[in-house]
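Note that the sequence shown covers residues -17 to -1, 1 to 834 in mature numbering (1 follows the signal peptide of the UniProt record, and there is no 0).
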Amino acid sequence: MSYTLLRLLGLAGAAQAACSNLVIDNFSRSTVSGSNNLDAWTSEDTSMSKVAISKGILSFTPKTDSSSYYYETLGCVKAATQGYNALSLTVKGPKDASMMLEIQTKASCGDDNYNSQWVQIKGLTGSTQNISIALSSFTNANLDTVSAFVWSTYSKFDNYQFSNLQFTCSGGSNPPVSTAPATTASSSTSSVSPTTSSFATSVRSSSSTAMSDVQTAPSSRTSASSPRQITSPSSSRPSNASSSNSRAAPLRSTSLTSVSASTVPTVSRSSSTRSSTVSSSIAAQSSPVSSSCSNLLIDDWASQSRLTFLYYNAMLQPSSDDGTMKEITVSGNRVTLKPNGADSYFYSKVACTNTQVKGYGGISLRIKAKAGTTLSIQLASSPTCGDDSAFATKTSKELGWPFNGQEKLYSIPFSKFSGADLSKMTTILFGSLSSDVTFGPMAFYCGTTPSEYIIAAQPTDTAAVSTVSAPSSTGSARVVDNFSKKDSNSLGYWHGGDVDTALTWGTNRVTIKAPDADFSFYTQLSDKCADMTSYDGSYLHVAYSGSNKFSIAMQQHNQACDETVSPFPETWDSLEAARYATGNDIYIPISHFNIQRKRAIGIAFKGFYTNEAVTLTKVEIVPSVPAKVLIPEKLPSGNLIFACKRPNSIAFAIDDGDPKFAQEVMEVIKSENIKVTFFTVGAPLRDPSTNLSAIYKDMMSQGHQIALHSYTHPRMEGLPNNDAISWEYDQDIKAVQDMFGMTTKYFRPPFGNEGARMRQQLVRSTKDDNPYIVNWNIDVEDWLYAQSDTPEKQLDSFQRDLDKGGSLVVMHYLYPSTVSYLRTFIQKAKATGKQLMRVDQCMMDPNAPPL
């Protein structure tokens, strides 16, 4: 025994003797987010008010809402074994300021879970000073599995500077500990002797436990539960770090598996998991006191796709029914839940909110339900701001909610719920719905008197429609289609729809009941190119009955007038049928179709934003319109592009990504020495758990283009009205401005969905008459093959479109197979002899950077 002890002591002494300081970060990189000296990820996830890095110094100003933090991941450092006993950092901060330093350690280096402890750094002098913190200050930390450090909870919101971060083999002190009161955990205070000046640290006990494992089903979207859960696009990032998939499958939350009340079904659907919170106990302590309380919105039901595609509420927290409902419909700041039996439920996460400190007395929402409807309301909490572990449930009857078919304001007073910790509230769940219910905006209210969250009125386009004169032309009338034949139109050319099931043919008529906004019905003007310029003074006349909620487009053939050459069609201009409708007639000046009309190919009825049917009886070109018909002015509709304009160019335009693949994507692109364009969805940018804002900042710093892809990824033309379309643009534009300090006029429509309204509203939102609606003519079809048994068919799809002359790529970095083929895609494109570049460069945009 004594020999073994001496041998161990000898090894320890040898390690100590061989120890040399380990530089964690010398801040010599060009971007704030990136790899540190340990080749591990470091970032502030855009949580700071201001941040910059230059000449080995990180400078930042925290936000006044105490949400700011900065972290350094380390991989897994065996600090004790390697002889490190202190963390050293050069700091300059506001005089008398303090901050919290968190250490994250694991049970073993291979573990996905981590434990946290904190010390408080006090007494900054206002001058540059060296700080050395004894690792032994973290009394219960496993110092052989150090995975990250996080700085947060700054007491003053002025400029701070960090430099020269390293583990040291000596330094830091561990003086006697004296206890001090703490809000949520026992703490102690000790004075530490730094190299050049004095400061103090207070040690906080490990009251925060690790995140639970996150298991991801195919196509699901997972996210880390806190900014403190360090995420990184590098290969060294934790396995449970966040990922984003805008083509997400329904997400099942394992935190709902323990439902205590018998009135709410136990949820055991955990094939895919989304973790549940972005808050921490530190953040909760710095919340405003009740005197500054204002109602806190949980969800305003602003977007169907935000809720049922991205699974976010207004807090950018997980919200879902896990596929248990028959139907969920969002419209007019209301959500209607149609249960599929007693097991249906719906939940919203609320970010581990400390309702007591913030002064919230309950949750209010408007509800409309028929008489006799019953449901259960469950509140859940977590002591660690992780998985739900404490529950309190009441039924609508117990809360005294009478329903009568009218919408009324109802409250969920916390005073009636016992069993959940209201200082760490994580979830509200509605279950046991006996019939359909409609909810209005849901929010925490202040104090004990229920109050309603009022949605601010949005400006609407109510201006009178300007009209233009409608002169007659000298041209003759020409019938394009009277629908007398099913297989061809009156010109003898093809007509038909994307799917036959949407069409009902009758005598000299066709009735269209579009399944969605992607459906189109076409009637061709030629099988090659039709020169329509001789009709520039004439009008397209459509006789119809039923709905006019669709677009009418004139399509332009490619320069070769050859359908085997890509793109085909080359482009089109879409006009809003309802704007040009008078009674059962639509009259559109041919000159309003902003295309090269010498190369017209056909007319398309598309962009349907209702399931209501329309019956077409005639499509013709006429020289004049009836006397009482008013023609609206032509609205700018931007540029719909499918191909590059610059000769011999190819642009890779990449959508929706999973952060875990970002580093590999960037390494491939960098090694192939090309610049690309990334189209980004706004809502995940604002979710700090995805780390996407930091990732795209890094991409921008390397010369890549960042552009718009909507806020929540809906089919834009399928949205019910102009306000809903504008909301998507405006929110996305603001997210990009806030995160990157830039604006752009390049937009890729989700699913490639296009129509007149979304084009007109893009002009309004970008304040540019000529924005770009960027579609594609090279589709790798990752959406079809990436998760199939034949992922290699993505290579075939790319080559097929490349051989047709394709120049504008669409792909996603959502799937391992697609990412693994990226280099091959690039090399195939290079083999054509064409130059690879960004979208704005390939469009010869004068504002694009030079090649």
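Don't be surprised by glycine CBs; every beta carbon is placed ideally from N, CA and C.
Practice prompt. Tell me whether the beta-carbon of residue 508 lies closer than 8 Å to the beta-carbon of residue 535.
Written response: no
Discussion item. Using C-beta distances below 6 Å, list every residue in its chain close to residue 503, excluding the 5 sequence neighbours before and after it, in chain order.
Written reply: 481, 587 and 589
Worksheet item: Is residue 597 closer than 8 Å to residue 533 when the C-beta atoms are compared?
Response: A contact, by the Cβ cut-off of 8 Å.
Item to complete: Return helix, strand or coil for residue 811, following the three-state DSSP convention.
Response: Shown here, residue 811 sits in a helix according to DSSP, grouped into three states.
Worksheet item: Distance, Cα to Cα, residue 14 vs residue 86?
Response: 24 Å
Fill in: the region 797 to 817 / the region 568 to 577 touching (three or more Cβ pairs under 8 Å)
no
Item to complete: Indicate the three-state DSSP secondary structure (helix, strand or coil) for residue 110 in the structure shown.
Response: coil
Practice prompt. With a 10 Å radius around its C-beta and 16 neighbouring C-beta atoms as the bar for buried, classify residue 810 as buried or exposed.
Written response: exposed
Worksheet item: Taking C-beta to C-beta, are residue 427 and residue 279 nearer than 8 Å?
Response: yes
Item to complete: Check the DSSP bridge columns for residue 314 and list the partner residues they point to.
Response: 317
Item to complete: Note down, one range per segment and in chain order, each beta strand (DSSP E) of at least 3 residues found wholly within the region 590 to 674.
Response: 597 to 605, 622 to 624, 632 to 640 and 660 to 663
Discussion item. Let me check understanding here. Comparing Cα to Cα, which of 388, 615, 330 and 122 lies closest to residue 351?
Written reply: 388
Fill in: Counted within 10 angstroms of its Cβ, other Cβ atoms place residue 3 as buried (16 or more) or exposed
exposed
Item to complete: Please go through the region 528 to 572 and give each complete beta strand (DSSP E) segment of 3 or more residues, from N-terminal end onward.
Response: 534 to 539, 554 to 559 and 568 to 572
Item to complete: Express the C-alpha separation of residue 549 and residue 832 in angstroms, rounding to a whole number.
Response: Near 27 Å, if we compare the C-alpha coordinates of residue 549 and residue 832.
Practice prompt. Compute the Euclidean distance between the alpha carbons of residue 132 and residue 356, then round it to the nearest angstrom.
Written response: 51 Å
Worksheet item: Roughly how many whole angstroms lie between the Cα atoms of residue 819 and residue 97?
Response: 43 Å
Worksheet item: Can you tell me whether DSSP reads residue 438 as helix, strand or coil?
Response: coil
Discussion item. Let me make sure I understand the geometry here. Which of 75, 297, 422 and 449 has the alpha-carbon closest to that of residue 321?
Written reply: 422
Discussion item. With H, G and I counted as helix, E and B as strand and the rest as coil, what does DSSP make of residue 705?
Written reply: helix
Discussion item. Just to confirm the assignment, what range does the beta strand (DSSP E) spanning residue 518 have?
Written reply: Counting along the chain, residue 518 falls outside any beta strand (DSSP E), and DSSP gives it neither H nor E.
Worksheet item: So what's residue 781 in DSSP terms, helix, strand or just coil?
Response: Looking at residue 781 - three-state DSSP - the assignment turns out to be helix.
Item to complete: Taking residue 670 as the reference, give the member of 314, 286, 699 and 298 with the closest Cα.
Response: 298
Worksheet item: Could you give the C-beta distance for residue 754 and residue 745, rounded to a whole number, given that I count them as a contact under 8 Å?
Response: 5 Å
Fill in: Rounded C-alpha distance that separates residue 210 from residue 49
With a pLDDT of 27 at residue 210, under the threshold of 50, the predicted position of this residue should be treated as unreliable, and no value is reported.
Worksheet item: Below 8 Å, can you find three or more Cβ-Cβ pairs linking the region 352 to 372 to the region 402 to 415?
Response: yes
Practice prompt. May I ask which residues mark the beginning and end of the alpha helix (DSSP H) holding residue 821?
Written response: Looking at the DSSP string, residue 821 is not in any alpha helix (DSSP H), and its letter there is neither H nor E.
Worksheet item: Could you give the C-beta distance for residue 379 and residue 358, rounded to a whole number, given that I count them as a contact under 8 Å?
Response: A Cβ-Cβ separation of about 5 Å places residue 379 in contact with residue 358 under the 8 Å criterion.
Practice prompt. Assign residue 304 to one of two classes, buried (16 or more other C-beta atoms within 10 Å of its C-beta) or exposed (fewer than that).
Written response: That one is buried.
Worksheet item: How many whole angstroms separate the CB atoms of residue 802 and residue 759, which I take to be in contact at a CB cut-off of 8 Å?
Response: Contact doesn't hold; Cβ gap of about 18 Å is too wide.
Fill in: Other residues of its chain near residue 521: CB distance less than 7 Å, five sequence neighbours each side excluded
These residues qualify, in order along the chain: 456, 458, 573, 604, 605 and 606.
Discussion item. Spatial neighbours of residue 712 within its chain, please: C-beta separation below 7 Å, excluding the five flanking residues on both sides.
Written reply: Apart from sequence neighbours up to five positions away, the residues of its chain that approach residue 712 with a beta-carbon distance below 7 Å are 744, 745 and 748, ordered along the chain.
Worksheet entry | Inter-residue Cα distance where the pair is residue 570 and residue 528 | 14 Å
Worksheet item: Helix, strand or coil for residue 352 per DSSP?
Response: strand
Fill in: Assigned secondary structure, residue 322 (DSSP; H/G/I helix, E/B strand, else coil)
strand
Discussion item. What does the alpha-carbon distance come out to for the pair residue 286 and residue 501?
Written reply: 19 Å
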